[in-house]
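The numbering used here puts the last residue of the sequence shown at 1007; the count rises by one with no breaks. We put the CB at the ideal spot given by N, CA and C, even for glycine. Each remark here refers to the structure printed beneath this line.
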Amino acid sequence: MTAAAAASSRLLRTQRGLALAFLLVLAVAWWATAGRVPAYVLPPPSEVGKALLTFVSSAQRLSHLFATLAHIGSAIGISFLLGAMLAFAAHYARWSAPAIHQRLNPFLSAFSGIGWTLLSVIWFGVSSYTVVFTIVVVLLPFALVNLREGLLALDAELHEMGNSFGRSRWRAWRLLVMPALLPFVAATLRIMFGVAWKVALTAELFGGGRGLGYVINIARQDYDTATLFAVILFIIIAVTLADRLLFGPLERYTARQFGSTP
């Protein structure tokens, strides 16, 4: 093992040790503080653990999880498709670029998720349409900006190779452009997945009749803080595992195989 590899290994062990120590300190502080305040303010870890087990073993509660996953999955698909269409339109039809990048994108980026949620409730009522629409409009700028960067990163040599296909523009796009964009696609999906959870919970809290945000809202109304903490803890674990086991490896694989990410 080289000196650089040994140093990297020591750094990795140190980082993992510090992360574990932080979690232990947080757990001890939580346990110590929970004994001094009412349970509805800060429930002890044992009560949250029981609520978490109840949550994952309840078919009714799990149906709310599947509802949130459906909201997030459909919204990511719609926003990515719309973002890709707009990015390609601005790149290949340059006359549309100012309207897309200088008008539409700043407008969508500046308006907050809570603002879109309130508007969606007025437009669609308390429904899944409200949740999905809110997530879509918040995620759309992420897809648009990242795919735009991917298209701008296509070098001149790649364009020359594409011209060698003659009139077969579809073949050039399929064999050259799409593989070069895959690292940006993977990075975009990773970002969108993380952001979508935050937006989905807010949208379901205010304008959803189903989903984990709705469960949090009911728990808040009932002062069931243990369930509220359990749902939050479940989301943190689920999102972290998805990022570590799915989106992170996918992004690294596409970066190795097809090029670097932004």
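Reference residue i, options the options, closest by Cα
i: Thr-799; options: Phe-974, Val-984, Val-882; result: Phe-974
i: Thr-813; options: Val-976, Tyr-968, Tyr-998; result: Val-976
i: Ala-796; options: Thr-972, Arg-997, Val-786; result: Thr-972
i: Leu-934; options: Ala-945, Leu-885, Pro-924, Leu-756; result: Leu-885
i: Ala-815; options: Phe-1003, Val-876, Phe-979, Leu-771; result: Val-876
i: Tyr-785; options: Phe-1003, Tyr-959, Ala-964, Gln-1002; result: Ala-964
i: Phe-811; options: Ile-980, Gly-794, Leu-756, Arg-1001; result: Ile-980
i: Phe-1003; options: Trp-776, Leu-920, Ala-829; result: Leu-920
i: Met-923; options: Val-944, Ala-945, Ala-898; result: Ala-898
i: Pro-790; options: Trp-776, Met-830, Leu-826; result: Trp-776
i: Val-871; options: Pro-843, Arg-997, Leu-950; result: Leu-950
Exposed unless 16 or more other CB atoms sit within 10 angstroms - verdict on residue i
i: Ile-982; result: exposed
i: Val-782; result: exposed
i: Thr-862; result: buried
i: Thr-999; result: buried
i: Ser-1021; result: Absent from the model: residue 1021. The displayed extent of the chain is 746 to 1007, so no value can be given.
i: Val-773; result: exposed
i: Arg-955; result: buried
i: Tyr-837; result: exposed
i: Val-960; result: buried
i: Ala-764; result: exposed
Under 9 Å between C-beta atoms of residue i and residue j
i: Ser-819; j: Phe-887; result: no
i: Gly-952; j: Phe-869; result: yes
i: Ser-857; j: Phe-878; result: no
i: Leu-926; j: Leu-896; result: yes
i: Ile-859; j: Ala-941; result: no
i: Phe-929; j: Leu-892; result: yes
i: Leu-995; j: Ala-931; result: yes
i: Leu-849; j: Leu-831; result: yes
i: Ala-855; j: Ile-845; result: no
Contacting residues, own chain, Cβ-Cβ under 8 Å from residue i (five flanking each side not counted)
i: Phe-938; result: Ile-817, Ile-821, Val-984, Ala-987, Asp-988, Phe-992
i: Lys-943; result: Gly-858
i: Val-770; result: none
Close-in-space but distant-in-sequence residues of the same chain around residue i (CB under 7 Å, 5 per side omitted)
i: Leu-853; result: Val-882, Leu-885, Pro-886
i: Val-793; result: Ala-971, Phe-974, Ala-975, Leu-978
Close-in-space but distant-in-sequence residues of the same chain around residue i (CB under 6 Å, 5 per side omitted)
i: Thr-970; result: Tyr-785, Pro-788
i: Ala-842; result: Ala-835
Cβ-heavy atom distance, residue i to the ligand GDP, below 8 Å
i: Pro-790; result: Of the ligands one can find in the structure shown there are none, so the ligand GDP has no counterpart to examine.
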